[in-house]
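The structure appears below as structure tokens.
Numbering (this note's numbering), first residue to last: 2 to 111.
Here you go:
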């Protein structure tokens, strides 16, 4: 028989889930915030979390030092090509499963 979940247990589970989510998300947030800091602020001790001089200089440096747009375009072409290939393969397969059903089709769909 199923146990009733108490309000206290729900609160504990919710708090634990939020804590795990924060631990997982914090490094991503820190990386994003650090990208908007100057080099001196990025390595400062103690670090500043929100109160710093926001700058887009680092993004300009990345653009100047590398051929970032070419790499981005390569990624877009690869993602688009993969999607198109998947659709080209999936459409005939879906058509045949819909209009020419067999025992295998029913096994796959179940």
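All C-beta atoms in this analysis are idealised placements derived from N, C-alpha and C, irrespective of residue type, glycine included.
For residue 55, the three-state secondary structure derived from DSSP is coil. Excluding its 5 nearest sequence neighbours in each direction, residue 98 has C-beta neighbours in its own chain below 8 Å: 106, 109 and 110, listed in chain order.
Residue 52 places its beta carbon 9 Å or farther from that of residue 37.
In its chain, beyond the 5 residues on either side, no residue has a beta carbon closer than 8 Å to the beta carbon of residue 87.
Here residue 58 is not near residue 35, since their CB atoms are 9 Å or more apart.
Its chain contains no residue whose beta carbon lies nearer than 7 Å to that of residue 27 once the 5 sequence neighbours on both sides are disregarded. Selection 62, 66 and 33 evaluated against residue 50 yields 33 as nearest (Cα-Cα). Secondary structure of residue 111 (DSSP, three-state): coil. In the structure shown, the three-state DSSP call for residue 10 is helix. As summarised for the stretch 22–81, the continuous alpha helix (DSSP H) elements at least 4 residues long and confined to that stretch are 40–43 and 58–66, given in chain order. Annotated three-state conformation of residue 83 is helix, per DSSP.
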